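Student: Sending over a structure as C-alpha cells; questions will come in a sec.
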C-alpha cells in the first residue's frame, strides 16, 4: 500500500502525559501536513513541511505541540503535557509542492485524553 | 466571521434527486478551491477542484463566484453511495506559503 500511513491509530493517555504520533507520507510527495479534527468540524490546519523545512505553523499550535520531519520523509507530532481539550483526530496528509490543494490523507490517529 | 462557512445540514434526499451545497469564504485573496468528501469515520478525499469557469465531473458540477466569494457543488441523479460529508476547501495564503482551510462540512444522506 503506497498511501499515507499513521501510527498509532488510537491512543488513550492520561492528562499531563506526552504523546507522539508518526506519519509516513506518499514517498514521492515533498509536502506533509498535520491537521486536527473534532466531531462535526472540518480538519483544522496545524502545520506543514516542504521536505524537512517547517514552513508554516497555525496559531492553534501552542508551545506544547512540536512537529518534525528530520529527513524529509516521515514526520512526528508530539504533544507535551496533554490536556482533555487535545482529544481529537490528528490527520496527516501529503502532496506535491506544485499541487498543494490535492492532498492525500492518512487514516488519522484518534487521541483520547482522560 | 468564519474563514470558510457551510450549511452543516444534514441534507436528506431521495435517490435520484439533485442536491446543491453552498459555501462562502472570507479571504478575497484565495486562489484555489476544492471540494473534498469524507465518509463516516474515514479520512477526507479530494472530490474535485473548482475552476473559475466552473467544471463538471460526471454527475458533479462545481461553480465559483469570486465577486461574491461563493462556491457551490451540484450533485445530479444522486446515488446511495453519495452519502457522505462534503467539505468546502479554500487554499489560503500567498504562493509558497499556503495552507488549506476547510469548512465544517455538509452532511448528505441519500435515502432509497
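Chains as they are written, first to last, in the numbering used here: chain D, 1 to 114; chain Z, 1001 to 1112. We treat Cβ as the ideally placed atom computed from N, Cα and C, and that holds for glycine. Small disclaimer: the values here were computed from a predicted structure and weren't measured.
1. Closest to residue 1083 (chain Z) by CA distance: which of Z:1063, Z:1004, Z:1015 and Z:1003 is it?
2. Express the C-alpha separation of residue 38 (chain D) and residue 77 (chain D) in angstroms, rounding to a whole number.
3. Cβ of residue 1006 (chain Z) within 7 Å of Cβ of residue 1023 (chain Z)?
4. Rounded to whole angstroms, how far is the Cβ of residue 1108 (chain Z) from the Cβ of residue 1019 (chain Z), which I believe are closer than 8 Å?
5. I need the straight-line Cα distance from residue 1011 (chain Z) to residue 1017 (chain Z), nearest angstrom please.
6. When DSSP builds the beta bridges, which residues end up paired with residue 1056 (chain Z)?
7. Given a threshold of 16 other Cβ atoms within 10 Å of its Cβ, counted over all protein chains shown, does residue 12 (chain D) qualify as buried or as exposed?
8. Return yes when the Cβ of residue 64 (chain D) is within less than 7 Å of the Cβ of residue 52 (chain D), no when it is not.
9. Counting C-beta neighbours from all protein chains within 10 Å, is the total for residue 10 (chain D) 16 or more, i.e. buried, or is it exposed?
10. Closest to residue 1059 (chain Z) by C-alpha separation, out of Z:1047, Z:1031, Z:1085 and Z:1069, would be which residue?
11. Can you list the residues of chain Z that residue 105 (chain D) reaches, using a CB-CB cut of under 8 Å?
12. Taking residue 91 (chain D) as the query, report the chain Z residues whose CB atoms sit under 7 Å from its CB, ordered along the chain.
13. Going by other Cβ atoms of all chains shown within 10 Å of its Cβ, with 16 needed for buried, is residue 8 (chain D) buried or exposed?
14. Going by beta-carbon coordinates alone, are residue 1034 (chain Z) and residue 1049 (chain Z) separated by less than 7 Å?
15. Can you grab the Cα-Cα spacing for the pair residue 1090 (chain Z) / residue 114 (chain D), in whole Å?
16. Roughly how many angstroms lie between the CA atoms of residue 1026 (chain Z) and residue 1072 (chain Z), to the nearest whole one?
17. Checking contacts by CB at 7 Å: is residue 2 (chain D) closer than that to chain Z?
18. Three-state secondary structure (DSSP) at residue 1108 (chain Z)?
19. Look at the Cβ atom of residue 42 (chain D), then the Cβ atom of residue 1021 (chain Z), and state whether they are nearer than 7 Å.
20. Under the three-state reduction of DSSP, which class applies to residue 94 (chain D): helix, strand or coil?
21. Can you tell which of D:49, D:111, D:67 and D:89 has its C-alpha closest to the C-alpha of residue 97 (chain D)?
22. Within 10 Å of its beta-carbon, does residue 1098 (chain Z) have 16 or more other beta-carbons around it, so buried, or fewer, so exposed?
23. Can you tell me whether residue 1087 (chain Z) is buried or exposed, with buried defined as 16 or more other CB within 10 angstroms of its CB?
24. Once you ignore the five residues that flank residue 1067 (chain Z) on each side, which residues in its own chain have a CB closer than 8 Å to its CB?
Tutor: Taking the definition as stated:
1. Closest in alpha carbon position to residue 1083 (chain Z), among Z:1063, Z:1004, Z:1015 and Z:1003, is Z:1015.
2. 17 Å
3. yes
4. 7 Å
5. Rounded to the nearest whole angstrom, the C-alpha separation of residue 1011 (chain Z) and residue 1017 (chain Z) is 12 Å.
6. Z:1061
7. For residue 12 (chain D), the number of other beta carbons within 10 angstroms of its own is below 16, and it is reported as exposed.
8. No.
9. Classification for residue 10 (chain D): exposed.
10. Z:1047
11. 1043, 1044 and 1045
12. 1043
13. exposed
14. Their beta carbons are under 7 Å apart, which means residue 1034 (chain Z) touches residue 1049 (chain Z) by this criterion.
15. 34 Å
16. 15 Å
17. With 7 Å as the cut-off, residue 2 (chain D) does not count as an interface residue toward chain Z.
18. strand
19. no
20. strand
21. It is D:49 whose Cα lies nearest to the Cα of residue 97 (chain D).
22. buried
23. buried
24. none
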